[in-house]
Amino acid sequence: MPAYATNMRLKFPIVALVLEIITIILFAMFVIYDDGKSHGHDSHSNKTHEKQPMDLYPMFQDVHVMIFIGFGFLMTFLKRYGFSSVGINLLLAAFGLQWGLLMQGIWHLEDGKIKISIFKIINADFSTATVLISFGAVLGKTSPVQLLIMTILEITIFSINEHLVANVLEASDVGASMIIHAYGAYFGLAVARVLYRPGLRNGHDNDGSVYHSDLFAMIGTVFLWMFWPSFNSAIADTGLPQLTAVINTYLSLAACVLSAYAISSLVEHKGKLDMVHIQNATLAGGVAVGTCADMNIGPFGAMLIGFVAGIISTTGFKFLTPILASKLGIQDTCGVHNLHGMPGILGGLASIVAVAFGKKENGNAAMQAAALASSLGFALVGGAVTGLIMKLPFWGQPPDQNCFDDSIYWEVPEEEDENEESLAHADHSKNKAEA
Amino acid sequence: MPAYATNMRLKFPIVALVLEIITIILFAMFVIYDDGKSHGHDSHSNKTHEKQPMDLYPMFQDVHVMIFIGFGFLMTFLKRYGFSSVGINLLLAAFGLQWGLLMQGIWHLEDGKIKISIFKIINADFSTATVLISFGAVLGKTSPVQLLIMTILEITIFSINEHLVANVLEASDVGASMIIHAYGAYFGLAVARVLYRPGLRNGHDNDGSVYHSDLFAMIGTVFLWMFWPSFNSAIADTGLPQLTAVINTYLSLAACVLSAYAISSLVEHKGKLDMVHIQNATLAGGVAVGTCADMNIGPFGAMLIGFVAGIISTTGFKFLTPILASKLGIQDTCGVHNLHGMPGILGGLASIVAVAFGKKENGNAAMQAAALASSLGFALVGGAVTGLIMKLPFWGQPPDQNCFDDSIYWEVPEEEDENEESLAHADHSKNKAEA
Amino acid sequence: MPAYATNMRLKFPIVALVLEIITIILFAMFVIYDDGKSHGHDSHSNKTHEKQPMDLYPMFQDVHVMIFIGFGFLMTFLKRYGFSSVGINLLLAAFGLQWGLLMQGIWHLEDGKIKISIFKIINADFSTATVLISFGAVLGKTSPVQLLIMTILEITIFSINEHLVANVLEASDVGASMIIHAYGAYFGLAVARVLYRPGLRNGHDNDGSVYHSDLFAMIGTVFLWMFWPSFNSAIADTGLPQLTAVINTYLSLAACVLSAYAISSLVEHKGKLDMVHIQNATLAGGVAVGTCADMNIGPFGAMLIGFVAGIISTTGFKFLTPILASKLGIQDTCGVHNLHGMPGILGGLASIVAVAFGKKENGNAAMQAAALASSLGFALVGGAVTGLIMKLPFWGQPPDQNCFDDSIYWEVPEEEDENEESLAHADHSKNKAEA
């Protein structure tokens, strides 16, 4: 395979070590603990969010579980790509949170320093979510080095858009339907478009699940589902807005489960449920209610958003994903368009309506629309450019036949059964030969 | 199979969508956020429980994990029923929590409205636990439509009994040994009795575990075990009672592990441990100490309850479950009688003794006894009626031979190994034919 | 096998029941709830740590998850030893936490009583961590009875060393790099040395993973990784020291991931990643930053410690573990020397430097050194003596050929596939016989 250099012996270790050393140097220069003695200039500082330094810590841990267990295991549904799913997820998130602290921090310097608080590490975890969503779009088709490059670029661009949306436009996006979910999804789809593989047009043997890989994926699904109220409320204003964000998310997700199950059964052969829908579309309610989570949309309003999100997401998996792949050349491994893309846009649109109806104090519907447009624009342009850089031929991208296969980047244990199988067959052959 | 209509194509989607739409309409009419401006008429309002709206949120998340990961994965022990265990668990709990909010809420209206707080969503999660316990009794033998019907009826009846026990009898059941565990178990056993299947008298090939399905089940077991102190203390009075509930549950469960392991080894072939016992009986201490959890029974008292519960539960699995199946026609798939039934009764009895000895302020032993009787009565009658409704022949109940098999309601991935196996055999045949 | 009596029918149940009964009696004599009315004599009482009785509860639950899910599933990587890994982990931790409450409590009696608070149960959970680390060193080669004996002795000795370090030397070890990690590792290695098995010099068929067992192990890894900030900060002083401990651990672990991945790829065949390294060495940053976690070492200082720990740990797995086994007769199943031993020492050494540079108020570098020496001394001597007691021939130790195999102590389900396989082969034979 002359066109592919997937041997990571030197390339990957050097990239990883150099990145970490640079990061440590930047932390030495710019990052200190938040001792709580803030100047109070910054209206978005953690002072409005925390009374005690550890108040948000339980929320942080819930978000942390979503990032590392939730996203990591959700992607283990592939039969031979579980090591990469949970392992590369850990790698990208561990690097991404450091990079996110720097990139988000430079917009909020105090005396030239970034002061780390629980609020800041929640946001750092959030920034990695964009990368993990995009990772889902290109899962199985990219090398660790490519993905580290994507992490740097995606989080850098995310931080610019986030600053624009929150501080310039002053739009509201407490659960980040627009700036994380829609952004991460369309960024990843743009990358996937640039990295289009005609050789995978007719599918790939390993691009599917086995029974137990689907159960591992459900660990990710359920942890994401349970802790999504924390994701959408972690940085809400304390008091009633935070409670509202929890309740709206809790109810939106519950309603979404019913519609996702119903539509999955409706569109599948003999009315059976499809694990792909259950693993993903049940979460669309959490995405879609994100922007409106802290708004006074009423419990039934949240349920309506979740109900619609479950329908859109499931039908997207069934009908839209095949078309994107065949007509537009967008091979979206995990279907992030259905889980994060369309529900993210739905969340943005819902917020325009909600704000227009006065459901958010000091809200501005035009700014909500601008925030959605900005998030999509940065995603598509940023993703396309990032995809072109990732396409350079020396980052160790796997050849088509080795896609969706851990063994190209991991030492994979030989399966006992397969060995026994082979031995058994060898025995048969031997017997036959003797006979 | 003319007698069975398991094709869910229209039946299930319609039921799920109609239920959800009705629920959203009821929420639009009756449910609002709790803004904290309570009238204070209701001594059971959340004001006595929370000082800040989010105080109970970490407790809520622990309970949430028990409901969705704990119950869901505990039931994945069956070799070919993991999708249903964790997936239908999610479906029932997601619908059940919405229904529970309504059914529990109508007893505590304020100005004709149900005000949702963290306290209320904890109780909504609790209400679903009754259904998930009953689900364990009929696991593998019922359709999703049947189970949605059970969810509606069981939670409705639960809410009546809960109101009777807490507000009329004014009995104490902080950890819900009686109103959730005993109720859920005997309700499920009554349903199982009505749905008795003579065809499964001699067992079923799929009614058992494989190695990795037992490990998936241990995820459920351990999360239930760890967070049970939150289950038993979440709605306790703040301060010492809540601390007492945590410590009693922590110690009861620890003691229960030792007795469950000891008895499992004692009763099994060659002293080996049995995974069924370890997955279930180690949790009996959490069930049994529930009613007494916030009482001043002393740490050793809690341990004694847990120790006895572990013995009762393990011996129940070994000796009683087979008898229930063969003599009484109660086929209890998960053995909920041993994990929730008998330990729940033990919890109620222990509370009668504890209250009689003055371990609970303002306690009344007779009311504790009445609460136990009421919970069992509602469970048995309610379960029997519910079972009769579920037995109607148009809910898609699976035929005997398709019990304990996901593939009747789910798209199940073909196993790679089996395919290779088949191909290998085909090759052999071909070789032989040629020879 | 006359030399081995692995049948547990009576031995194990009697040991377990008697231990639990004795423990309950000791609790009845000495243990009460902490009602908060402390005399305030003890500077280490929970009063300095908690304002409300439940303040530390979310921290406790995170630690609890690390002990039961984290350690339990981390060890499920072995292909046929998952039941024991997660099951015996539960048994030892459940007994250990009771024993730890007693052994730690006798140094802090109030009016002759041990008063249990959340602070105390966090410390009880901590005490079990030492045993679970040592369990990793002897995993697959010891019986449940041997391990219960180890639990009693190791926690007893731990509590002496902990008292010496914290109250006599007044050394600082907030995240317990020395008193838990280094102690637990070298204790376990000393036991493993005494229990050396020449018969396993050339490995064992079952001493390895299969694909899905490696994924189960990642559940343990990721939960340990996520909640380690809680482990290192749970008993820190509230306010800035606790926040510092969280941030230092968060960053140390993130940096450690990058160096562990880089070195794993660098030292492996064709630059592939090795699951053993990823499962373990990514956690070394949490161990190594433990002692310094609440010190003012700066975010970059924490990252530097994590970065070095990842390198040391990964190279230890690759180069040192084989030498320990072949030259020193120390067969360390899980490589605890690399995850807990060397990083624990690194943590102690880092604290000596940090304290010498004034990064901890009232710190004393000589006392830090003495604490490290004390922890290692108690570990090696205590472990050797414990190993000798465990070596007595009547505790049911498994023979070499049954090592790393659940089926010696557990009822293990027959594998469906293997059965079909056998039948298939039988068929072939039959065909051939007929031919």
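Residue numbers (our numbering), protein chains in the order written: chain A, 222 to 656; chain B, 222 to 656; chain C, 222 to 656.
Ideal Cβ positions, reconstructed from N, Cα and C, are used throughout, including at glycine.
Annotation: C/V431 is outside any alpha helix (DSSP H) and is labelled neither H nor E by DSSP. C/S393 is a Cβ neighbour of C/G584, given a cutoff of 8 Å. Along the length of the stretch 406-470 of chain A, whole alpha helix (DSSP H) runs at least 4 residues long occupy 432-454, reported in chain order. A/F540 and A/N559 have their alpha carbons spaced roughly 10 Å apart.
For C/A358, same chain residues with a beta-carbon under 6 Å away, outside a window of 5 residues either side, are G409, L410, A413, D553 and V557 in chain order.
Along the length of the stretch 320-392 of chain B, whole alpha helix (DSSP H) runs at least 4 residues long occupy 339-359 and 365-384, reported in chain order.
In the three-state reduction of the DSSP assignment, B/E632 falls in the coil class.
Put simply, the CB of B/E632 is near chain A, with a gap under 8 Å to one of its CB atoms. With a threshold of 8 Å between beta carbons, C/T542 makes no contact with chain A. C/D621 sits in a helix when the DSSP states are folded into three classes.
Distance check between A/A591 and each of A/M280, A/R301, A/I343 and A/G569 places A/G569 closest, using alpha-carbon atoms only.
Scanning its chain for C-beta atoms nearer than 8 Å, with the 5 sequence neighbours on each side dropped, one finds around B/G492 the residues S486, in chain order.
Within 7 Å of the CB of B/P614, no CB atom of chain A is found; the nearest one sits about 18 Å away. With distances taken between CA atoms, A/P274 lies nearest to C/T459 out of C/T459, C/V366 and C/L368. Here the alpha carbons of A/K362 and A/G420 stand approximately 12 Å from one another.
According to the DSSP assignment, C/I288 belongs to no alpha helix (DSSP H), since it is labelled neither H nor E. Flagged as an interface residue toward chain B: C/H285, by a C-beta distance shorter than 8 Å. With the criterion set as a beta carbon lying under 7 Å from some beta carbon of chain C, the members of the stretch 293-320 of chain A are G293, T297, G303, F304, V307, G308, L311, L312, A315, F316, L318 and Q319, in sequence order.
Taking a Cβ-Cβ threshold of 9 Å, the residues of chain B close to A/L525 are I245 and A249, in chain order.
Boundaries of the beta strand (DSSP E) harbouring A/V252: V252 to Y254, taken from the DSSP string. Nearest to C/Q319 by alpha-carbon distance, out of C/K232, C/I242 and C/E331, is C/I242. Boundaries of the alpha helix (DSSP H) harbouring B/F294: F292 to L295, taken from the DSSP string. Annotation for A/L545: I551, D553 and H558 place their beta carbon closer than 7 Å to its own, counting only its chain and skipping 5 residues before and after. Contact of B/E383 with chain A is not assigned, every C-beta pair being separated by 8 Å or more.
Note on the stretch 556-626 of chain C: there is no whole beta strand (DSSP E) run with a minimum of 3 residues. According to the DSSP assignment, B/I533 belongs to the alpha helix (DSSP H) that extends over P520 to T536. At the C-beta level, B/S480 and B/G531 come within 8 Å of one another. For A/L231, the three-state secondary structure derived from DSSP is coil. Within the DSSP secondary-structure output, C/D553 pairs in no beta bridge.
Using a Cβ-Cβ cut-off of 8 Å, A/P279 is close to P279 of chain C, given in chain order. Proximity of chain C to B/I484 at the Cβ level (cut-off 8 Å) is accounted for by P234, in chain order.
A residue is called buried once 16 or more other Cβ atoms fall within 10 Å of its Cβ, and A/P614, having fewer, is exposed. The C-beta of B/F408 comes no closer than 8 Å to any C-beta of chain C.
Closer than 8 Å to the CB of A/N228 there is at least one CB belonging to chain C. Counted as a single uninterrupted DSSP element, the stretch harbouring C/K300 is not any alpha helix (DSSP H), since DSSP gives it neither H nor E.
Between B/M275 and chain A, the shortest Cβ-Cβ separation is below 8 Å.
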